[in-house]
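Here is the structure we will look at.
Here it is, written out as C-alpha cells:
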C-alpha cells in the first residue's frame, strides 16, 4: 500500500507539470479543444510518461504543505514551457501582421479559432501554417525525425530528467529572465525572417508606384495602389511560401534548443532516493 501511495504522489507531480504545459500551449489550450479534452490529454500523457520519468524524480514530500508547494512548482515549470511555445506562434502572427500592413489589408480581420480574437487575415494564415507544421510536418532534432508536438513531448520527458525538482532562488530568477529574453529574441527574429521578403518587395513596389505616379500623373496609379499592392502581395506570398515554411519549421528547433539550454543550466536539487515503487 505504501508503494502504491508513493507511486500516486509521483503521478500527481508528473500530471502537474504536464497540465501546466497543456493548458498554456497553443492548439491544446484553444477553446475549440475544451477543458475536458485538455485534462484527458494531460492525464493520458502523464500516464505514458510515468514509467519513463518517475525514477528520475526526487522522493515526494509526505506532508500536505510541502507537497502542495511541489505541485505549484511543477505547474510553474510546465507553464514556462507552454509560454515559450506561445511566443513562437506569436511570432508567426506578427509576421502575418507585417504582411497585412504592407499589403494594405490590415483592416480586414477574421476570428482566430485558437485565441478567439480577431486578427488580420494574413496573421490567421500564418497561424494555420504554424499549426500544420506543429501537428503534421516532421523534422529532425538530435537524430529524431518527428512532428513538433512529439518533440515537445520529448522536451517534457527530458525536463523531468534534467530538472526533477524546481528550485526558485535569485540565481534561478536571473537565469529565467535571460532565457525569457532569448525567447523574445527568437520570436522577433523569426517574425522578421518570415516577413522580410514580403515587406521588402512591397516596399519596392510602393516606391515604384510613387515614382510612376509622379512621372505620369495621367495614369492615376495612386488610386489603384491598394489593388496593385494586394495583387503583388499575393503573388509574392505564393512565390516565397516554399522559403517561409522551412524558416517556420526551423524556428521550432531553435525554441527547443532554448528549452534544452534552460533545463541544463537550471539549479539542481540534491537528488533523493527516488523510486517509482
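In the numbering used here, the protein residues as written are 110 to 386. Note that the Cβ used here is the ideal one computed from N, Cα and C, for glycine as well. All values derive from a computational prediction rather than experimental measurement.
Those residues which DSSP pairs with residue 253 across a bridge: Sequence index remark: in the chain shown, residue 253 carries index 144 (1-based). 250.
Simplified DSSP state of residue 170, which is helix, strand or coil: Counting from 1 along the chain shown, the entry for residue 170 is found at position 61. In the structure shown, residue 170 sits in coil (DSSP, three-state: anything other than H, G, I, E or B).
When 353, 169, 136 and 127 are compared against residue 157, the one with the closest alpha-carbon: Indexing the chain shown from 1 puts residue 157 at position 48. Nearest of 353, 169, 136 and 127 to residue 157, Cα basis: 127.
Spatial distance of residue 324 from residue 342 (CA atoms): Residue mapping note: residue 324 aligns to position 215 of the chain shown, counting from 1. Residue mapping note: residue 342 aligns to position 233 of the chain shown, counting from 1. Taking the straight line from one Cα to the other gives about 24 Å.
Nearest candidate by alpha-carbon position, reference residue 262, set 114, 118 and 161: Within the chain shown, the letter at position 153 stands for residue 262. The candidate whose alpha carbon is nearest that of residue 262 is 161.
Straight-line Cα distance separating residue 117 from residue 210: For the purposes of this step, residue 210 is identified with residue 101 of the chain shown, where counting begins at 1. For the purposes of this step, residue 117 is identified with residue 8 of the chain shown, where counting begins at 1. So the alpha carbons of these two residues sit roughly 53 Å apart.
Alpha carbon of residue 353 to alpha carbon of residue 303, nearest angstrom: In the chain shown, counting from the first residue as 1, residue 353 sits at position 244. In the chain shown, counting from the first residue as 1, residue 303 sits at position 194. Near 6 Å, if we compare the C-alpha coordinates of residue 303 and residue 353.
Between the CA atoms of residue 255 and residue 372 - distance to the nearest angstrom: Position 263 of the chain shown, counted from the start, is the residue given in the question as residue 372. Position 146 of the chain shown, counted from the start, is the residue given in the question as residue 255. Residue 255 has its alpha-carbon roughly 21 Å from the corresponding atom of residue 372.
The alpha helix (DSSP H) enclosing residue 236, as first and last residue numbers: Counted from its first residue, the chain shown places residue 236 at position 127. Note, residue 236: alpha helix (DSSP H), 230 to 245.
Extent of the continuous alpha helix (DSSP H) run through residue 147: Position 38 of the chain shown, counted from the start, is the residue given in the question as residue 147. Taken as a continuous stretch (DSSP letters only), the alpha helix (DSSP H) holding residue 147 covers 144 to 162.
Short Cβ contact (8 Å threshold) for residue 198 with residue 231: Taking the first residue of the chain shown as position 1, residue 198 is located at position 89. Taking the first residue of the chain shown as position 1, residue 231 is located at position 122. No. Outside cutoff.
Sequence-distant residues of its chain with Cβ nearer than 7 Å to residue 349 (five each side left out): The residue you call residue 349 lines up with position 240 of the chain shown. Here the set comprises 306 and 307.
CA-to-CA distance, residue 196 to residue 151, given in whole angstroms: Mapped onto the chain shown, residue 151 falls at position 42. Mapped onto the chain shown, residue 196 falls at position 87. Spanning the two alpha carbons is a distance of roughly 21 Å.
Nonlocal neighbours in the same chain, by C-beta distance under 8 Å from residue 134, ignoring five residues either side: Position 25 of the chain shown, counting from 1, holds the residue named residue 134. Same-chain partners within the cutoff: 190, 191, 194, 195 and 261.
Under 8 Å between C-beta atoms of residue 274 and residue 360: As a position in the chain shown, residue 274 is number 165, starting the count at 1. As a position in the chain shown, residue 360 is number 251, starting the count at 1. No, the Cβ-Cβ distance between residue 274 and residue 360 is not below 8 Å.
Straight-line Cα distance separating residue 257 from residue 243: Taking the chain shown and counting its residues from 1, one reaches residue 243 at position 134. Taking the chain shown and counting its residues from 1, one reaches residue 257 at position 148. One C-alpha to the other measures close to 5 Å.
For residue 209, the three-state DSSP class (helix, strand or coil): Locating residue 209 in the chain shown gives position 100, counting from the first residue. DSSP places residue 209 in helix when its eight states are reduced to three.
Closest Cα partner of residue 236 within the set 131, 120 and 139: As a working mapping, residue 236 is identified with position 127 in the chain shown. When each option's Cα is compared against that of residue 236, the closest is 139.
For residue 301 and residue 163, the rounded distance between their alpha carbons: The residue you call residue 163 lines up with position 54 of the chain shown. The residue you call residue 301 lines up with position 192 of the chain shown. Between residue 163 and residue 301, the C-alpha separation is close to 41 Å.
Exposed unless 16 or more other CB atoms sit within 10 angstroms - verdict on residue 247: One-based indexing of the chain shown puts residue 247 at position 138. Under the 10 Å beta carbon count, residue 247 is surrounded by fewer than 16 other beta carbons and is classified as exposed.
Nearest candidate by alpha-carbon position, reference residue 362, set 145, 180, 252 and 153: If you number the chain shown from 1, residue 362 lands on position 253. Ranking the options by Cα distance to residue 362, first place goes to 252.
Buried versus exposed, by CB contacts within 10 Å (16 or more), residue 233: Locating residue 233 in the chain shown gives position 124, counting from the first residue. It counts as buried.
Nearest-angstrom Cα separation, counted from residue 159 out to residue 120: Locating residue 120 in the chain shown gives position 11, counting from the first residue. Locating residue 159 in the chain shown gives position 50, counting from the first residue. Each residue's Cα considered, the two are about 6 Å apart.
Where residue 266 falls: helix, strand or coil (DSSP): Start at 1 with the first residue of the chain shown, and residue 266 comes out as number 157. Three-state DSSP puts residue 266 in a helix.
CB contact flag (residue 265, residue 375, <8 Å): Taking the chain shown and counting its residues from 1, the one referred to as residue 265 is at position 156. Taking the chain shown and counting its residues from 1, the one referred to as residue 375 is at position 266. It is not a contact, given that the beta carbons lie outside the stated cut-off.
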